[in-house]
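In this note's numbering, the protein residues as written are 2 to 181.
Think of the CB as a built atom: it goes at the ideal place given N, C-alpha and C, for glycine as much as any other residue.
Structure, as structure tokens:
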Amino acid sequence: MEALLRRTMGSPTPVVLLACAVLALMIPEVLSVRYIVGGNMGWTSNVNYTVWAKDKHFYNGDWLFFVYDRNQMDVLEVNKTNYETCNSEHPLHNWTTGAGRDVVPLNVTRDYYFISGKGFCYGGMKLGISVENPPPPPSSSPVNATNNSPRNTYTCTGQIVLLPAVFAVAAIWDSFLRIW
């Protein structure tokens with residue numbers, strides 16, 4: 002019975018190879034960054050978050066990770082006016098989950114403003130960032146038309162598709178040989 006089951010189900014190798022091929026195709030799409038707000042200091046008072054964010058580029062798809070003392074602080078998203086005046090009365094969104102480890106997805110290209118209520122905003126606990134669309138991938142250099150050598154038909158995209166396709170065909174062929 003076990004031999005019959007093995008013969009009908011085949012080897013797990015094709016499934017593994019197919020999964021690897023799919024992952025290889027997805028790698029360029031999974032380039033978002035998770036920023037721990039404030040770095041090693043976290044979301045706390047007496048940190049200049051403007052200086053922290055100054056050398057960072059925030060792109061659509063990135064994440065902000067707020068780590069703080071859950072018994073004292075919170076994470077509120079506010080508009081620009083409330084950011085400048087530290088007004089926490091009517092936040093756009095309260096990202097506080099109660100665990101002191103809150104994740105904010107940056108999934109819209111716009112300006113974001115975060116403060117901590119309970120008076121901590123006046124001590125510097127506020128962050129304003131601008132989220133942009135990711136830059137386009139670098140373009141390839143133009144092919145020299147005067148060169149008489151045969152044109153290279155393999156591009157980066159072609160190589161990304163070609164290699165997994167070869168593995169997929171090999172896996173199917175291997176499964177086919179094992180069945181017969």
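Restricted to the segment 39-87, the beta strand (DSSP E) segments that are unbroken, complete and at least 3 residues in length are 63-68, listed in chain order. A distance of 8 Å or more separates the beta carbons of S117 and W53. Inter-residue distance for H58 and A169 is about 38 Å (C-alpha atoms, whole angstroms). N80 sits close to Y114, with the two beta carbons spaced by under 8 Å.
Within the DSSP bridge table, the entry for F115 names E78 and L128 as partners. Here V38 has W44, L65 and F67 as same chain residues with Cβ atoms under 6 Å from its own Cβ, once five neighbours each way along the sequence are excluded.
Distances from the alpha-carbon of D70 to those of S131, E90, D56 and T97 put T97 closest. Counted as a single uninterrupted DSSP element, the beta strand (DSSP E) harbouring P106 occupies residues R102 to L107. Cβ-Cβ separation between N134 and Y36: approximately 17 Å, too far for a contact (criterion under 8 Å).
When rounded, the separation of the alpha-carbon atoms in D75 and N95 is 8 Å.
For G62, same chain residues with a beta-carbon under 6 Å away, outside a window of 5 residues either side, are S33 in chain order.
Around E90, the same chain offers N83 as residues with beta carbons nearer than 8 Å, after the five sequence neighbours per side are excluded. Taking C-alpha positions only, L77 is separated from P136 by approximately 29 Å.
Going by DSSP, Y36 is part of the beta strand (DSSP E) stretching over R35 to I37. Sorting V132, L128 and G124 by C-alpha distance to the C-alpha of L107 places V132 at the top. Of the residues assessed, A171 falls on the exposed side of the cut-off, its CB having fewer than 16 other CB atoms within 10 angstroms. Residue pairing by DSSP places E133 opposite Y60 in a beta bridge. The C-alpha of T51 lies about 7 Å from the C-alpha of G129.
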